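Numbering (full-length UniProt numbering), first residue to last: 1 to 577.
Just so you know, even glycine gets a beta-carbon here, dropped at the ideal spot from N, CA and C.
Here the structure is a predicted model, which is why all the values come from computation and not from measurement.
Worksheet: one structure, shown below.
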């Protein structure tokens, strides 16, 4: 086991290629449901604990009334199994939780790791669809059973929030900046950290979460609050009024007076005359103070008192004073009111400033909007027309307010090479049996047409060859496809000790020359890029917000026949009297 663990990159085994521990230290073998240990004991007691089992991790329906999902959480799953080992104190706790279990079971738990487990998965950041396994986990049934709950915990929320972020990116459009501001509203610290990570993977540009910035290298952004603005009473509170120019060639000893002079000029400008009167001087003091602290990144929250009569004119006075010193103000943030109207009026004000004073580019100064934004409000703003450049989104993004959970499941599909099926009166809950291979078939225009699952031993679909794709359960739903490109979806991210075996293609059909070596885990930025590329390749009608076209998920004709053969074999026959 030690050699296998080392080859996989287990930090316990040492070595330069070590897989780090899970980001959250609470992710340990005890992070599971009690019944997983109960089943593990029952397997052990029956002598079945080493039976070779295959489980599929998948979901049944895409979230948010959409037709796509983005897969997240794979890296944390691999980190978890790379470091899966019970500590002595954890075993001692389990003895108290399971007092009727024999000592030999706890000795068994002390000995296990995941060196005999294999994990095949779709790459993180990929667009994925119902029923298709996100992950296939193979190994001793008792060990794999203990992975079910932590894997589902690590994948469900990660995929849900990544998908939510991707949907916000689609509705906002490529040119807009999306900023994640959700830490304070997230479900605790771990929810906040995870939301920042997976929002970035789903297409957001930055986060306000400093800890997430340090952990994952996500750009961090932020300005100031209304409290900062209202904490000032007047300009006389500013003690150090000096500001050096951006190139250091000169120094303004009284930057406050420079700001006041610009405010007078703006008030007297012919194109702006009558648009505002006296502005709030405490707000002007706050903006000036903030600009003195951050002349290279001055962005002001302008709605503490009145956006158009105070906030925007005060911002412009400070921004023009900074311009005199060689700095360029970043922009403003709107956090209340009619965002469409206010952004348009602010843009007009900025353009008037540019024209009046000849400050090139001032009309394009950034406008950021926040205030409980979500997919629907951004869509409504687009329809109304607006001038917002950046959206700060928090509550609705990180809490996934529109849908509480994704609903991934973890189902046994094969044990000791015997395919297994889970039946239900609800056909959506019937599992697809046996170890499978999964492919994405592309059409002439380069769009994905259908995902197809086949039995492990079936030949792969080939470019240019006609293949029958069947709905897993509805007999009349079928279509022939002649793919122009075929992509195999599942890759080996944890080969277990398969590399130590003399590979027998019949005994270990998932293990091939490519799969023996573990796939490297991509960086967060690489996963983010994959997400953006994949969504760009999807047909627009699959991604649209209202009534999206369902994406087709199918099985091969051979697998279809086998599903229904096994279904009839396992379903009890009723008897009428």
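Asked	Found
Count Cβ pairs between the region 557-566 and the region 445-456 that sit closer than 8 Å; are there 3 or more?	yes
Using 7 Å as the threshold, is the C-beta distance between residue 336 and residue 303 below it?	yes
Would a C-beta distance cut-off of 7 Å place residue 71 and residue 19 closer than the cut-off?	no
Terminal residues of the continuous alpha helix (DSSP H) containing residue 193?	188-201
Do you know offhand how far residue 190's Cα is from residue 215's?	12 Å
Are the beta-carbon atoms of residue 543 and residue 160 separated by less than 7 Å?	no
Do you know how far the Cα of residue 146 is from the Cα of residue 28?	11 Å
Can you say whether residue 96 is buried or exposed, counting buried as having 16 or more other CB atoms within 10 angstroms of its CB?	exposed
Would you decide whether residue 280 is buried or exposed? Buried here means 16 or more other CB atoms lie within 10 Å of its CB.	buried
Any idea if residue 233 is buried or exposed, counting beta-carbon neighbours within 10 angstroms, 16 or more meaning buried?	exposed
Any idea what DSSP makes of residue 207, helix, strand or coil?	strand
Would residue 79 be called buried (16 or more neighbouring beta carbons within 10 Å of its own) or exposed?	buried
Beta carbon of residue 58: closer than 6 Å to some heavy atom of the ligand SAM?	The ligand SAM is not among the ligands present in this structure, which contains no ligands whatsoever.
Beta strand (DSSP E) containing residue 286: first to last residue?	Looking at the DSSP string, residue 286 is not in any beta strand (DSSP E); the run it does join, the alpha helix (DSSP H), is 281-293.
Out of 291, 229, 48, point me to the one whose CA is closest to residue 244's CA.	291
Would residue 87 be called buried (16 or more neighbouring beta carbons within 10 Å of its own) or exposed?	exposed
In the structure shown, what three-state DSSP assignment does residue 76 receive?	helix
With the cut-off set at 7 Å, would you say residue 223 and residue 98 are in Cβ contact?	no
Which word fits residue 358, buried or exposed, when buried means at least 16 other C-beta atoms lie within 10 angstroms of its C-beta?	exposed
I'd like to know whether the C-beta atoms of residue 367 and residue 331 end up nearer to each other than 7 Å.	yes
Can you check whether the CB of residue 551 is closer than 7 Å to the CB of residue 67?	yes
Using only CA atoms, which one of 152, 313, 117, 150 lies nearest to residue 138?	117
Per DSSP, residue 368 is paired with what?	333, 390
Indicate the three-state DSSP secondary structure (helix, strand or coil) for residue 513 in the structure shown.	Residue placement at residue 513 cannot be trusted, given a pLDDT of 43 that sits under 50; what the coordinates show is reported in the next sentence. Correct three-state label for residue 513: coil.
Return the first residue and the last residue of the alpha helix (DSSP H) that residue 230 is part of.	226-230
Pick helix, strand or coil for residue 177, following the three-state DSSP scheme.	strand
Which residues in the same chain as residue 205 place their Cβ atom closer than 7 Å to its Cβ, once the five residues preceding and following it in sequence are excluded?	177, 178, 179, 219
How many Å lie between residue 63 and residue 268 at the Cα?	54 Å
Near residue 237, what residues of its chain come up, given a Cβ to Cβ distance below 7 Å and the 5 sequence neighbours on each side ignored?	285
Report yes if the C-beta distance between residue 134 and residue 58 is below 7 Å; otherwise report no.	yes
How would you call residue 554, buried or exposed, if buried means at least 16 neighbouring beta carbons within 10 angstroms?	buried
Can you list, in chain order, the residues of its chain with a C-beta nearer than 8 Å to that of residue 526? Leave out the 5 residues immediately preceding and following it.	125
In three-state DSSP terms, what is residue 507?	For residue 507, the predicted structure reports a pLDDT of 42, less than 50, and the residue's modelled location is therefore unreliable. A value from the coordinates is still provided. Residue state, collapsed to three classes: coil.
Give me, in chain order, the residues of the same chain whose beta-carbon lies closer than 8 Å to that of residue 344; leave out the 5 immediate sequence neighbours on both sides.	385, 386, 387
Tell me the rounded alpha-carbon separation between residue 439 and residue 32.	32 Å
Beta-carbon separation of residue 156 and residue 406 under 7 Å?	yes
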